[in-house]
Structures are given as structure tokens and as C-alpha cells.
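Peer 1: My structure is below; once you've seen it, I'll send some questions.
Protein chains: 2
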Amino acid sequence: MKLIQLQAQSSLPKYKQIVRSIEIAIQEKRLQKNDHLPSINKISLEHGISRDTVLLAFDELKKRGIVYSRLGKGYFVKSTESQVEMRIFLLFDELNAFKEELYLSFLEQIGNKAQVDIFFHHFNENLFQKMVNDSNGNYSKYIIMPSNLKQVSSCIKQLPREDVYILDQTNEQLKELPSVHQHFEKDIFRALEKGMHLLQKYNRFILIFPGEKEPEGMVIGFRTFCEKHQLNYEIIPNFDTKTIEKGAVFVIPSDLHLVQVIEQGKSQQLNLGTDYGIISFNDMPLKKVVENGITTISTDFKKMGTTLAKMVLSNEKKQIENPSDLIIRNSL
Amino acid sequence: MKLIQLQAQSSLPKYKQIVRSIEIAIQEKRLQKNDHLPSINKISLEHGISRDTVLLAFDELKKRGIVYSRLGKGYFVKSTESQVEMRIFLLFDELNAFKEELYLSFLEQIGNKAQVDIFFHHFNENLFQKMVNDSNGNYSKYIIMPSNLKQVSSCIKQLPREDVYILDQTNEQLKELPSVHQHFEKDIFRALEKGMHLLQKYNRFILIFPGEKEPEGMVIGFRTFCEKHQLNYEIIPNFDTKTIEKGAVFVIPSDLHLVQVIEQGKSQQLNLGTDYGIISFNDMPLKKVVENGITTISTDFKKMGTTLAKMVLSNEKKQIENPSDLIIRNSL
DNA sequence: TCTAATTTGTGCGTATGTATG
DNA sequence: GCATACATACGCACAAATTAG
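Just so you know, the sequences run in chain order R and D.
Terminal number for the first sequence in this note's numbering: 332, no gaps in between.
Terminal number for the second sequence in this note's numbering: 664, no gaps in between.
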């Protein structure tokens, strides 16, 4: 029996007939793992169809994880397990408690409709580029956290535009791509407005902003709020050897500084929530039990995961701002 | 170790794999200045590849000024102080706050003396094997966290023995390889002994041990301690819907369970440190300020990173146990 | 000096996947 | 669907230098 069966009258497009033929051949074990498939030239000649049509079919098989290709050699069978229709490439920056929540809710919503591979670039541009390039052509969808990396948009643009989604943080170069992201500037501004009734007892507003991993939008939102209300504010990159003045309130994106401030407060025997205040970022269980509760500005990572999964599955293309909220606890 | 490592399924073209093999051999001083390289005929025969592919690789090396050739004689190493830097393959299990500390301290100590690529196996054996195999021949050093994976030692043994280092957790099969690791069994035992004066007020010892990611040594150390002192102990896989009895002390490797226990304690209005106790694993800043301080058993991840980097750079081969300690706070 | 074997060097052809218009 | 250029891989033939015998 010939490997590839083509019927002109079939309702199936030719390229799908090719995909089916290969899948069936694998199922019937006429094709084994690492077997060499006929070259696209050969198939296109033998069946009198365009090279591009065969290529389309083989690309589809590659996306599904069924075959792999080697330049100058040919196409080979990668996996004989029956594959799901969709394979998703997920590139995170780092894994922490919040990201894990996002990842798990995404997985749950995707269910068994796709196979998901997750990777981490760890804010390293070289690693980012290597991973994106290596994955290119091997997945049906690409979901990427560019974080605050500046030079990666050109790299992302090399992926098939219609299969790319941006996650958590977008930027000027990527704003046309579908995304589920935080609007850091707006979120921090609104959260501060919401907490205004508690903030009025403080007379000095301090943002601790190292600026390596954190998005610039935070600074803008914070500054806008402070200037609108004519507040006495300051933006510092770290909290080394500072003392806390009574009446100060700290806005702290990094948990490292959160602990430094709390410890300094303790050593000065200040009362958190009256003598000085804290607003932290990214809620997590432990923060409920730190010092009777830390007030946080946090996006809903669980919702981010489900929104993204729904968008990917329904093949929608939207730019969605994920909801964020101020969770008020005893530290304000 | 063979001079030239070829991976059929690598994303790198064959000729580039050859180039890299030679570069790494020079970098590791397995090839000295004016050394005679194997002839292109020999290489093509031995590896079953075309003579022209080898030629392509050697031409590339010539262009880069790394080798020279003499007609009728062969290829020779031209320059050993080439621009090639050390390439390090780093395979972690997962990234969390502690691992990040380890990674960053390693990077800092390595400085610009090497290019470091980090990967994550996420406790998945297939992924582990794929990553190790793909990397083989492409790096000058291989640093690997086998974690609690059982079947991976044969895979690790395929790497060049003299370039492999084991990190964080070793095992019986890998004990000959150089490593910087925790001795979980000893560490937990010693930590509990050190805290004995505080533990005496408790009458029930509970280890919450899911056993998926955590090393078996913890269980052995815990059990040994309890049996030595004839304590009433229990090992449970999770903390779902449990109530806390007064006089219980929990040993908790996973932070997920840590929060569950603390919240349960609060809902029962129990006093942590008197009514019940907690020992957590892996210290991090937040734990200083959770419930006035959580007692932890923790290894020094920062030191682990620098120790490892120094060992790699100096080309030493030792089995080093990384120091671990009990940090006593109010939760005991 | 001649020869055979081995080596690099060169040229040409074929086949394959990849990218672009 | 067609055309073109490019990168990778393999194979063959032959020339030129070296070495061993």
C-alpha cells in the first residue's frame, strides 16, 4: 500500500489528506520512530502536486509533534504516540508562587485539549532567543512573557504572527499582538486611589523600585498619583541602612525589601499600620500571616490563566487587561 | 572522552557540532598548540559522515584562526588562547526563591569566565534524558541536579566523566562524581538534635512529606531521630482538613503545607510556639517575619553556589557537603 | 628513485529542507 | 501554486604534498 493516498474528489484539502496518510501509516506501524519520510520533492513530483502543499502538511505534522526535520537530510518520525491536535509553547520568566498559580489555572482550563510545554528565560536575553528560535515551527501556539526585556520583539516577530500570545507584560513594540497582561501604571494608580482613605494618615510616600525585573509602569502610576494629590514622595532603588520616619508609607514591589522594611520597623519598635504603612505587590498565602496581614496590590493570576486559555482555545485575538485589586489588611 | 561528539537529533548542524567539539577540546586543554588533529578521512569514516562535512567544519575553524593545515600532512592547532570561553551546562530541577539564590551566587562567582546555560527538568525523567543527551558534546562542564530521580545515573554516565558535577542531591550511583550537595538525612537529624531542648515540650512529631520532589533522606533522618528518643511520631503525605492537637510539632518541607498549618492554627486559636510547633525547610527572608518568625532547617544556598563555581573554575574534584543549620525562631 | 598509501585541496553534481516574494 | 536563492549534507573524481618502504 502506498504511503500517501490522494483523492482529487475528496472534501478534505490535499494537505490534510497527506497529514492523515502519515498518521494512519504510523498507527498501522508501517512507519516506525525515526523512520525517514519521503522528501517533499519526491512526494510533490510523484503525486503531481505543489511542493508547498506537501510542505504545509509536513509543517502541520511538525506542529503536532509527530515528525521532526533536519536541514539537508529530510523529515523523520518523532513520536508514534497518538498526539493531541494542539501543542503549546509557554515561555515564562521565572517560577514563583504567583506564576505557579497562573500556570496551574491555565493548565486546568486547557484540560486535555492541548499538550503544554513550559520554559523559563529568567530575564536572560540570550536564553530567551535560543528558546524561541529552537521552538519555532514545533508548536501550534506560542505564549510568551517578554517581561521587561527590551530587545526581544524582533525575535518574537519571527514566530508565525497568528499563533503568538503575549502574557503578563506587554510593550510598545508588541502591543498589536493578542495578550492578557497587567496594566501596571493604571493598576497601581487605581489601587492607591482605592486606599486613599487609609493613606491620608501618612505624610511621606516612598516607592522602593530596583528596576531590574519590575515594569516601568509602576513608577509612572505611583508618580502620577502622588503629584495629583500633591503628596510628599520619593522613589528609591533599595532600602539599605535606611531608618523609617514615623508617618511614612512604603510601596514595595520586591519581597526582599518587604522583609527589610518590616525588620527595620521592628528594630525601631514602630507599629505597622499606625506609625508607618506598607503596600506590597503580588498577593500570596504567606502574606496573610505576616505581621497580621500585609496589604497588597495584586492582579488575579488565576483569572489570567483561565482568560488566556479560553482565548487560545477559541482562537480569539484580543488585548485583555487582567483585573487587579488592592487587598486591604492591617499594614495600612 | 572522544574528541568529536555528534548528536544526530541535535538542532545544530553536524559541521557546527564538529567545530564546537574542537573548540571545547582546546578550551579544556585536551588539545594543545600544534597538536595534530585526526584527518578528515578518519573522522568521516569513524562517524559515518561525509568527508565534505568534516571539511566544511575544518574550513570554518581555519577561518576563525583556530587551526591551520599543511597539504599532505594534516590539520594542527594554531591558537589555544582563542576567543573561546568555557561553556557550562546547568540542569536544575525547578526554579524557586532558594534555587535562584544558588543560581545567582554561582553566576556571580563565575563572572565572565564562562557562558552559562540553565535548563529545568521539572522532575520529568524523559525531559531530563532529552536535555542531557542534547547537551552532550556541546559544553565544557555539566552541572546537574538529579534531584530524586532514580533512573538518570546511566544517562549522566554517558557524559564525559571528568566534566560532570552533581548539585544539591546525590545518590548511591553518583557518589563517585564530584558534587556540592546536601546530606538530608544527617542534616535533619542534627538539626532536630540541636533543637531538642525546645522540642521536649511537644509530645507528637509529625512530618508532612508528599514525597514527589522531596528527598527520601529527610524521612530517614526524621525517623531515626524519633526512634532514638522514643518519640510519638507520624509521617503524613499532606495536610488536608486536619485539625491540630495541642502539643504537636510539625516538620514541613513544603511551603504550601506551611501556610495550611498556620491558617489552621489561627482558626483553632492556637498559639504557635507554645500550643504547637513548626519547623520549616529552606530559609527565606519572609520566614523571619511570618508569625514572629518560623524556625527553619536550611542549607546555605548562596554558599553552595560559590563553592560549586570555585570547584569548577579550579578544576577540582571533591564531594562537598554543603553546610546546613537549624535557625531557631519563635515557632518552636 | 620509484611506488603505494595517506593526507589535504579543489571542483562539480545531487538531494534535501528553509525562507521569501 | 510557482520561482528563486540559500544552507546543509552527501558522493565522486582528481590534483598535490607527504611519508614509509
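Cβ atoms here follow ideal geometry from the backbone N, Cα and C, with glycine treated the same way.
Find the residues of chain R that neighbour D/Asn-366, judging by a C-beta separation of less than 9 Å, and give them in chain order.
Peer 2: Here residue 366 of chain D refers to the residue found at position 34 of the second sequence. By Cβ distance, chain R contributes nothing, its closest Cβ being about 33 Å from D/Asn-366, past 9 Å.
Peer 1: Please confirm whether D/Ser-511 and D/Ile-498 have their CB atoms less than 7 Å apart.
Peer 2: For the purposes of this step, residue 511 of chain D is identified with residue 179 of the second sequence, where counting begins at 1. For the purposes of this step, residue 498 of chain D is identified with residue 166 of the second sequence, where counting begins at 1. In this structure, D/Ile-498 lies closer than 7 Å to D/Ser-511 by Cβ.
Peer 1: If the criterion is Cβ atoms closer than 7 Å, does the pair D/Pro-655 and D/Asp-632 meet it?
Peer 2: Taking the second sequence and counting its residues from 1, the one referred to as residue 655 of chain D is at position 323. Taking the second sequence and counting its residues from 1, the one referred to as residue 632 of chain D is at position 300. Yes, Cβ-Cβ distance for D/Pro-655 and D/Asp-632 is below 7 Å.
Peer 1: For the alpha helix (DSSP H) holding R/Val-312, just list the boundary residues, first then last.
Peer 2: Your numbering for residue 312 of chain R matches position 312 in the first sequence. Run containing R/Val-312: 301 to 314, per the alpha helix (DSSP H) assignment.
Peer 1: Mapping DSSP to helix, strand and coil, what is R/Phe-189?
Peer 2: For this step, residue 189 of chain R is matched to residue 189 along the first sequence. Looking at R/Phe-189 - three-state DSSP - the assignment turns out to be helix.
Peer 1: D/Phe-582 lies in the beta strand (DSSP E); which residues open and close that run?
Peer 2: Against the second sequence, residue 582 of chain D aligns to sequence position 250. From DSSP, the beta strand (DSSP E) with D/Phe-582 extends over 580 to 584.
Peer 1: Name, please, each residue of chain D whose Cβ falls closer than 7 Å to the Cβ of R/Phe-120.
Peer 2: Start at 1 with the first residue of the first sequence, and residue 120 of chain R comes out as number 120. In chain order: Leu-427 and Phe-452.
Peer 1: Let's test the definition: count the other Cβ atoms within 10 Å of the Cβ of R/Arg-51 and tell me whether it reaches 16, buried, or not, exposed.
Peer 2: Counting from 1 along the first sequence, the entry for residue 51 of chain R is found at position 51. So R/Arg-51 counts as exposed.
Peer 1: So D/Gly-397 and D/Lys-410 are in contact, right, with Cβ under 8 Å, and what is the actual spacing, rounded?
Peer 2: What you label residue 397 of chain D is simply residue 65 of the second sequence in a count that begins at 1. What you label residue 410 of chain D is simply residue 78 of the second sequence in a count that begins at 1. Indeed, because the Cβ distance is near 6 Å, the residues count as touching under 8 Å.
Peer 1: Would you mind reading off the limits of the beta strand (DSSP E) that contains D/Glu-653?
Peer 2: Taking the first residue of the second sequence as 1, we reach residue 653 of chain D at position 321. That run of the beta strand (DSSP E) goes 651 to 653.
Peer 1: Is it true that the CB of D/Asp-449 sits closer than 7 Å to the CB of D/Phe-421?
Peer 2: Here residue 421 of chain D corresponds to residue number 89 of the second sequence, with the count starting at 1. Here residue 449 of chain D corresponds to residue number 117 of the second sequence, with the count starting at 1. Closer than 7 Å, so yes.
Peer 1: Would you call the CB atoms of R/Val-152 and D/Ile-594 closer than 7 Å?
Peer 2: Taking the first sequence and counting its residues from 1, one reaches residue 152 of chain R at position 152. Taking the second sequence and counting its residues from 1, one reaches residue 594 of chain D at position 262. No.
Peer 1: Could you name the residues of the same chain whose beta carbon sits closer than 6 Å to that of R/Gly-221, not counting the 5 residues immediately before and after it, in chain order?
Peer 2: One-based indexing of the first sequence puts residue 221 of chain R at position 221. So the qualifying residues of the chain are Glu-185, Ile-188 and Phe-189.
Peer 1: Mapping the DSSP letters down to three states, classify R/Arg-223 as helix, strand or coil.
Peer 2: Residue 223 of chain R sits at position 223 when you count from the first residue of the first sequence. Residue state, collapsed to three classes: helix.
Peer 1: Taking one C-beta from the stretch 384 to 393 of chain D and one from the stretch 368 to 376 of chain D each time, how about it: are there three or more such pairs within less than 8 Å?
Peer 2: The stretch 384 to 393 of chain D vs the stretch 368 to 376 of chain D: in contact.
Peer 1: Check whether the stretch 568 to 587 of chain D and the stretch 536 to 550 of chain D are in contact - that is, three or more C-beta pairs closer than 8 Å.
Peer 2: The stretch 568 to 587 of chain D is in contact with the stretch 536 to 550 of chain D.
Peer 1: Does the contact criterion of 3 or more C-beta pairs under 8 Å hold for the stretch 355 to 374 of chain D versus the stretch 221 to 238 of chain R?
Peer 2: The answer is no - the stretch 221 to 238 of chain R does not touch the stretch 355 to 374 of chain D, with fewer than three Cβ pairs under 8 Å.
Peer 1: CB D/Phe-452 to CB D/Phe-424, shorter than 7 Å?
Peer 2: Taking the first residue of the second sequence as 1, we reach residue 452 of chain D at position 120. Taking the first residue of the second sequence as 1, we reach residue 424 of chain D at position 92. Yes, these two residues count as a Cβ contact at 7 Å.
Peer 1: Does any residue of chain R bring its CB to less than 7 Å from the CB of D/Leu-604?
Peer 2: On the second sequence, residue 604 of chain D is found 272 positions in, with the first residue counted as 1. No, no contact with chain R.
Peer 1: Considering only C-alpha positions, which residue in the set D/His-561, D/Glu-508 and D/Ser-612 is nearest to D/Phe-623?
Peer 2: As a first step, residue 623 of chain D must be located in the second sequence, where it is residue number 291. Here residue 623 of chain D is Glu; the residue named in the question, Phe, does not match the sequence. With distances taken between Cα atoms, D/Glu-623 lies closest to D/Ser-612.
Peer 1: Out of curiosity, what's the CA-to-CA distance linking D/His-589 and D/Gln-339?
Peer 2: Here residue 589 of chain D refers to the residue found at position 257 of the second sequence. Here residue 339 of chain D refers to the residue found at position 7 of the second sequence. In a straight line, the C-alpha of D/His-589 is about 43 Å away from that of D/Gln-339.
Peer 1: Are the beta-carbon atoms of R/Glu-101 and R/Lys-302 separated by less than 7 Å?
Peer 2: The residue labelled residue 101 of chain R in the question sits at position 101 within the first sequence. The residue labelled residue 302 of chain R in the question sits at position 302 within the first sequence. Contact: yes.
Peer 1: At a Cβ cut of 9 Å, what residues of the stretch 224 to 245 of chain R count as close to chain D, listed as they run along the chain?
Peer 2: Those residues of the stretch 224 to 245 of chain R that come within reach of chain D (Cβ to Cβ, closer than 9 Å) do not exist; the list is empty.
Peer 1: What is the DSSP secondary structure of R/Arg-87, counted as helix, strand or coil?
Peer 2: Along the first sequence, read from residue 1 onward, the residue named residue 87 of chain R stands at position 87. Three-state DSSP puts R/Arg-87 in a strand.
Peer 1: Determine the closest residue to R/Arg-20 out of R/Gln-5, R/Gln-182 and R/Ser-314, with distance taken between C-alpha atoms.
Peer 2: If you number the first sequence from 1, residue 20 of chain R lands on position 20. Residue R/Gln-5 is the option with its Cα nearest to R/Arg-20.
Peer 1: Whole angstroms is fine: what's the gap from R/Ser-271's alpha carbon to D/Ser-630's?
Peer 2: Here residue 271 of chain R refers to the residue found at position 271 when the first sequence is read from its first residue. Here residue 630 of chain D refers to the residue found at position 298 when the second sequence is read from its first residue. Residue 271 of chain R is actually Asn in this sequence, not Ser. Spanning the two alpha carbons is a distance of roughly 30 Å.
Peer 1: Ignoring anything shorter than 3 residues or poking outside the stretch 128 to 168 of chain R, list the beta strand (DSSP E) runs there in chain order.
Peer 2: You should have 141 to 144 and 164 to 168.
Peer 1: Kindly indicate which three-state DSSP category R/Gln-260 falls into: helix, strand or coil?
Peer 2: On the first sequence, residue 260 of chain R is found 260 positions in, with the first residue counted as 1. Looking at R/Gln-260 - three-state DSSP - the assignment turns out to be helix.
Peer 1: Can you find a CB in chain R that lies within less than 7 Å of the CB of D/Leu-338?
Peer 2: Taking the first residue of the second sequence as position 1, residue 338 of chain D is located at position 6. It does not: the Cβ of D/Leu-338 has no partner Cβ on chain R nearer than 7 Å.
Peer 1: Using a threshold of 7 Å, state whether the C-beta atoms of R/Leu-159 and R/Asn-136 are closer than that.
Peer 2: Counting from one through the first sequence, the residue named residue 159 of chain R turns up at place 159. Counting from one through the first sequence, the residue named residue 136 of chain R turns up at place 136. Cβ distance < 7 Å, so R/Leu-159 and R/Asn-136 count as in contact.
Peer 1: Mind checking which residues open and close the beta strand (DSSP E) that includes R/Ile-278?
Peer 2: Against the first sequence, residue 278 of chain R aligns to sequence position 278. Unbroken beta strand (DSSP E) run through R/Ile-278: 277 to 281.
Peer 1: Just checking my contact of D/Leu-459 with R/Leu-95 at CB under 8 Å: how many whole Å lie between their CB atoms?
Peer 2: Along the second sequence, read from residue 1 onward, the residue named residue 459 of chain D stands at position 127. Along the first sequence, read from residue 1 onward, the residue named residue 95 of chain R stands at position 95. About 15 Å; that fails the 8 Å criterion.
Peer 1: With DSSP as the reference, identify every bridge partner of D/Tyr-565, one or two as the case may be.
Peer 2: Within the second sequence, numbered from 1, the residue matching residue 565 of chain D stands at position 233. DSSP output for D/Tyr-565 lists D/Phe-537 as bridge partner(s).
Peer 1: Since R/Thr-333 sits in a beta bridge, which residues does DSSP pair it with?
Peer 2: Past the edges of chain R, shown from 1 to 332, lies residue 333 of chain R, and the structure says nothing about it.
Peer 1: Could you run through the stretch 275 to 298 of chain R and flag, in chain order, every residue whose CB is less than 7 Å away from some CB of chain D?
Peer 2: Within the stretch 275 to 298 of chain R, the residues whose Cβ lies closer than 7 Å to some Cβ of chain D are Pro-285, Leu-286, Val-289, Val-290 and Glu-291, listed in chain order.
Peer 1: For R/Gly-74, name the three-state secondary structure that DSSP assigns.
Peer 2: Mapped onto the first sequence, residue 74 of chain R falls at position 74. Looking at R/Gly-74 - three-state DSSP - the assignment turns out to be strand.
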